[in-house]
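*Asks:* Input: one structure, supplied below.
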């Protein structure tokens, strides 16, 4: 008996001893045994992967690349998000095709005194948009100021004479609009600066033209040659391109979409926690719409007049500024995308978006839901790019669908015929390729495929002198019909505004297609007709001296800021101020159909008398089409005299058509009336721009 008991006691001791050893091992290696990607523990872990090296937050780009082990940096100067999107796509492609360790960089996030330390074995790509009259985008201003400074000096004391950037291998792609005089000016300027500083150009500069909708194809044709040059320079071998996600999508079943910590369309944390002022581009004001009506409705065209109150915002505007409005995507497009991805039944599931690369920025607030992300945060209605289809093909639901998707992605002409000519977005393209659901498409691809849903800008059509706490806008509702396939391309924001106007006035939408929106916004924050807005400053203003004569050219909704200009000058005259000659050239189709603010102009004429002149071009009133440039030419002598006396010339409207023709006509007027040649005529116009005598507020 004693022996048996002793054996049992020894066994128990052994067990306790072994247990103690195991416990010690577990303690020592804690956090490393169960961190395998996809395990249950990591699903609910919101931190980044412990094995990743998280670089320090620094404004030294050389240090950032070293810490994060990146070999290629793609800088972007972006105003509307297009250049940023192209930079991101280049980074993805370089990694997928050549295994390059890439990163994107916002110009304003870094300092550049240490560019002279850029490693010779690495490379920089610059994706640079030109904004306004040959200016850098807002986020690139300081970068260009530094490179163009008279006393340019780098961290080691080198100046331009020392060729301080001789180690910098670079490539440039520019975004511009050829209707502007300074087409792709910033990309060309940067190229010249870098060469002077001794940098090494790896491939020919690319230029994308937004004036005739070829920017995407310009980019695609340029990058193929560019990558070949890069591969040769860096001795790279191309591999099969596969999709490598930037983000991990984690469905957090613990959270309900009703929780106040979940983003349901709020633009930022301030919105979520209820913080108010100050209001700016990152924290817009939820403004009440106090008036909305249609200025005209004719068949497939209608135009809206809307008024917003900014009384309690603390925001101020100057006549000629812009109003930014944040839209949301329509119910129809949200449902289309979620349905084809087989996510409609999970639309309210809360998800977290986790960056796999520690320096990659998550582009949306989180946690959020599938529905909120595609409704409020992504440009899901944007035309699909041919490049994205090459990646999409990996997730096709069948061999036939994959074959068709690859053909669309590789055949430029076929893609144009089938997809781009109809302005299909991604979901429409997927529907066109096959009726099957695309259940294999990872949601990370969706987030990476689209840019962030951006605000749209509208020229303010009211005078701040008369309406300091009210902002008026004038907007044509955009819907383009493609009868060959029953597709309709709807302007995201203008149709949103129309839906709001219809609800506010109790109107019924009589159009042949259905489109509706969640007008009450996230958590009913936009209930009772509110929209998120902010004021964007412009340089498109009246002269401080009201006696200076002005000439304004603005057909269609291009007349919006000029309504404000004339309104203000009429008010100044009522208050006893002297004003200069005020001439408006306006154009529309028909006198009794789409003549904007027709009765108002007569009121201003009664106040201002001969100091206000208005010339109107009706392009469809008779068999002979008349445009604003025709009226300019008919009044060439008067226009030249006003400009010679110090008058200011303003243009507002469509860049591709009207603005180009008006600029040509203005050049002709100056050259012929002054008896000078084309070269000197160009010099006069350039001088007018430099001396703030010629302003343009135009769009593509």
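Residue numbers (the UniProt record's numbering): 1 to 700.
Cβ atoms here follow ideal geometry from the backbone N, Cα and C, with glycine treated the same way.
Which residue from 694, 688, 656 puts its Cα closest to that of residue 212?
*Replies:* Answer by Cα proximity: 656.
*Asks:* Would you decide whether residue 223 is buried or exposed? Buried here means 16 or more other CB atoms lie within 10 Å of its CB.
*Replies:* Counting Cβ neighbours within 10 Å, residue 223 comes out buried, since at least 16 surround it.
*Asks:* If you draw a straight line from the C-alpha of residue 674 to the C-alpha of residue 181, how long is it?
*Replies:* Approximately 21 Å between the Cα atoms of the pair.
*Asks:* In or out: residue 256 buried (at least 16 other Cβ within 10 Å) or exposed?
*Replies:* That one is exposed.
*Asks:* If you drop the 5 nearest sequence neighbours on each side, which residues of the same chain put their C-beta closer than 7 Å to that of residue 595?
*Replies:* Cβ within range, chain order: 588.
*Asks:* Starting from the C-beta of residue 591, find all residues in its chain whose C-beta is less than 7 Å away, skip the five residues before and the five after it, and write them out in chain order.
*Replies:* 618, 621, listed in sequence order.
*Asks:* If I'm right that residue 250 touches residue 351 with Cβ under 8 Å, what's the distance once you round it to whole angstroms?
*Replies:* That belief holds up - the Cβ atoms of residue 250 and residue 351 are roughly 6 Å apart, short of 8 Å.
*Asks:* Relative to the C-alpha of residue 362, which residue among 205, 159, 88, 658 is closest?
*Replies:* When each option's Cα is compared against that of residue 362, the closest is 88.
*Asks:* Residue 328 and residue 131 - do their beta-carbons sit closer together than 8 Å?
*Replies:* No, the pair does not count as a contact, with Cβ atoms beyond the cut-off.
*Asks:* Straight-line CA distance for residue 332 to residue 390?
*Replies:* Computed Cα separation, rounded: 26 Å.
*Asks:* What three-state label does DSSP hand residue 337 in the structure shown?
*Replies:* Reduced to three states, the DSSP call for residue 337 is helix.
*Asks:* Return the chain-ordered list of same chain residues with a C-beta closer than 6 Å to the C-beta of residue 597, the five sequence neighbours on each side being excluded.
*Replies:* 563.
*Asks:* Output the distance between the C-alpha atoms of residue 460 and residue 73, rounded to the nearest integer angstrom.
*Replies:* Each residue's Cα considered, the two are about 39 Å apart.
*Asks:* Assign residue 508 to one of two classes, buried (16 or more other C-beta atoms within 10 Å of its C-beta) or exposed (fewer than that).
*Replies:* By the neighbour-count rule (16 or more Cβ atoms within 10 Å), residue 508 is not buried but exposed.
*Asks:* Which residue from 167, 489, 534, 688 puts its Cα closest to that of residue 383?
*Replies:* Looking at the Cα atoms, 489 is the closest of the given residues.
*Asks:* For a quick check, are the C-beta atoms of residue 171 and residue 195 less than 8 Å apart?
*Replies:* No, the Cβ-Cβ distance between residue 171 and residue 195 is not below 8 Å.
*Asks:* Quick check: the segment 375-382 against the segment 403-415, are there 3 or more CB pairs under 8 Å?
*Replies:* As far as the Cβ criterion goes, the segment 375-382 does not touch the segment 403-415, which means the pair count is below three.
*Asks:* If you check the beta carbons only, do residue 95 and residue 134 fall under 8 Å apart?
*Replies:* Going by C-beta atoms, residue 95 is not nearer than 8 Å to residue 134.
*Asks:* Measure from the alpha carbon of residue 207 to the alpha carbon of each residue in 227, 164, 127, 259, then state which is nearest.
*Replies:* The option with the nearest alpha carbon to residue 207 is 127.
*Asks:* Buried or exposed for residue 192, going by 16 or more other Cβ atoms inside 10 Å?
*Replies:* Per the 10 Å Cβ criterion, exposed.
*Asks:* Measure the alpha-carbon distance for residue 558 versus residue 284 and round it to whole angstroms.
*Replies:* The straight-line gap from Cα to Cα measures roughly 25 Å.
*Asks:* For the beta strand (DSSP E) that residue 209 lies in, which residues bound it at each end?
*Replies:* Note, residue 209: beta strand (DSSP E), 206-209.
*Asks:* Is it the case that the segment 315-326 contacts the segment 506-524, given that we only count it when at least three CB pairs across the two stretches are under 8 Å?
*Replies:* As far as the Cβ criterion goes, the segment 506-524 does not touch the segment 315-326, which means the pair count is below three.
*Asks:* Take residue 701 as the anchor and find which of 696, 538, 59, 66 has the nearest alpha-carbon.
*Replies:* The structure shown has nothing for residue 701, since the chain only spans 1 to 700.
*Asks:* Please confirm whether residue 113 and residue 75 have their CB atoms less than 8 Å apart.
*Replies:* Their beta carbons are not under 8 Å apart, which means residue 113 does not touch residue 75 by this criterion.
*Asks:* Out of 387, 121, 57, 167, which one is the CA nearest neighbour of residue 236?
*Replies:* Ranking 387, 121, 57, 167 by Cα distance to residue 236 puts 121 first.
*Asks:* In angstroms with no decimal places, state the Cα-to-Cα distance between residue 244 and residue 261.
*Replies:* So the two alpha carbons sit approximately 30 Å from each other.
*Asks:* Could you pull out every unbroken alpha helix (DSSP H) segment of at least 4 residues lying fully inside the segment 631-660, listed in chain order?
*Replies:* Runs of the alpha helix (DSSP H) inside the segment 631-660: 636-644.
*Asks:* Cβ of residue 659 within 8 Å of Cβ of residue 179?
*Replies:* Yes; because the gap between Cβ atoms is below 8 Å, this pair is in contact.
*Asks:* Around the C-beta of residue 214, are 16 or more other C-beta atoms found within 10 angstroms, so that it is buried, or is it exposed?
*Replies:* Exposed.
*Asks:* Taking DSSP's pairing of strands, which residues face residue 129 in a bridge?
*Replies:* DSSP output for residue 129 lists 175 as bridge partner(s).
*Asks:* Distance check for residue 379 and residue 450, CA to CA, integer angstroms please.
*Replies:* In a straight line, the C-alpha of residue 450 is about 6 Å away from that of residue 379.
*Asks:* When the Cα atoms are used, what is the spatial distance from residue 189 to residue 426?
*Replies:* So the alpha carbons of these two residues sit roughly 35 Å apart.
*Asks:* Quick check on residue 45: does DSSP put it in helix, strand or coil?
*Replies:* Residue placement at residue 45 cannot be trusted, given a pLDDT of 30 that sits under 50; what the coordinates show is reported in the next sentence. Note: residue 45 maps to coil in three-state DSSP.
*Asks:* Roughly how many whole angstroms lie between the Cα atoms of residue 99 and residue 688?
*Replies:* The straight-line gap from Cα to Cα measures roughly 50 Å.
*Asks:* I'd like to check one pair, residue 471 with residue 650: are the Cβ atoms closer than 8 Å?
*Replies:* Contact flag unset, no.
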